[in-house]
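Residue numbers (the UniProt record's numbering): 1 to 266.
Structure representation (structure tokens):
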């Protein structure tokens, strides 16, 4: 029998020590993510979204609870998922092709073989002619394409994307959303996507998890029952607007709480 869930967080909590005090960042987070789904996570600043990604990626360990990948305990184990931050983190002294194959090199694929695998994908996904350019010669959107291809070619079933389009202008961001959906559909990865943009979260996702103000909990899981493939004009549909209103109402409550907490702390 196939495993129903690719990734599971079961009552995951995280505490930090700060200036002699214990600060709870996450409080009993439970998420059960099926294979090949696109999941977005939204919440007020400081609610623990990046902390959650650090736990899933193995860069940090939960204080309590379990992290399972394919039903196997994975807490504190790095290298099991692909992880991309908002900054593309391309190495400036390496060409785009050399940057894209970096993950494959890390997992032991010979450089020649890695290049042979990467070049057709660079051509297919909008980077043909830029294989031997350097990051400084590319636009922000093209650098993000290279960084995303590098993450995909690291060849992990679960991909974490932490606000990858946050620094892009509106038009480039819209283009990258379309590009990412094509990539996701082609490679059938499980994607967890952090964003502050409600429209983006609904447009891209199968489900949107809405987190509370710190300590971060799961306030609501919003099922996005919009047909795929999706096109930009869907954002004007009645169903999209209803989903947006629901998410915005819940998120606004938590943003207000977060602002009140910050004022009290100061």
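Every residue, glycine too, gets a C-beta built ideally from N, C-alpha and C. As the structure is a computational prediction, the values presented were derived from the model and not from experiment.
> Would you say residue 210 and residue 161 are within 7 Å of each other, going by their C-beta atoms?
Replying inline: no
> In angstroms, rounded to a whole number, what distance separates the CA positions of residue 247 and residue 144?
Replying inline: 27 Å
> Taking DSSP as the reference, what is the three-state secondary structure of residue 62?
Replying inline: coil
> If we call anything under 7 Å between Cβ atoms a contact, is residue 48 one with residue 25?
Replying inline: yes
> Using the rule of at least 16 other Cβ atoms within 10 Å of the residue's Cβ for burial, across every protein chain shown, is residue 177 buried or exposed?
Replying inline: buried
> Just how far apart, CA to CA, sit residue 263 and residue 196?
Replying inline: 21 Å
>> Measuring CB atoms only, is the stretch 132-139 touching the stretch 83-96, in the sense that at least three cross pairs come out at less than 8 Å?
In response: yes
>> Please state the DSSP three-state secondary structure of residue 34.
In response: strand
> Where residue 12 and residue 208 are concerned, what is the direct C-alpha to C-alpha distance, given to the nearest angstrom?
Replying inline: 18 Å
>> Could you compute how far the alpha carbon of residue 157 sits from the alpha carbon of residue 265?
In response: 41 Å
>> For residue 1, which residues in the same chain have their Cβ closer than 8 Å to its Cβ, ignoring the five residues on either side in sequence?
In response: Unreliable positioning characterises residue 1 in this predicted model, as indicated by a pLDDT of 39, which lies under 50. The coordinate reading is nonetheless provided below. Taken in chain order, the list of residues that qualify is empty.
>> Let me check one thing: in DSSP terms, what residues is residue 190 bridge-paired to?
In response: 158
>> Pop quiz: residue 119 and residue 105 are said to be a contact at Cβ under 8 Å. What is the actual Cβ separation, rounded to whole angstroms?
In response: Between residue 105 and residue 119 the Cβ distance is about 15 Å, and since that is not below 8 Å, they are no contact.
> Smallest Cα separation from residue 189: which of 22, 73, 127 and 36?
Replying inline: 36
>> Using only the alpha-carbon positions, how far apart do residue 4 and residue 89 sit?
In response: 34 Å
> Is residue 347 helix, strand or coil when you go by DSSP?
Replying inline: Because the chain spans 1 through 266 in this model, residue 347 falls outside it and cannot be assessed.
> Based on Cα-Cα distance, which residue from 14, 43 and 20 lies nearest to residue 255?
Replying inline: 43
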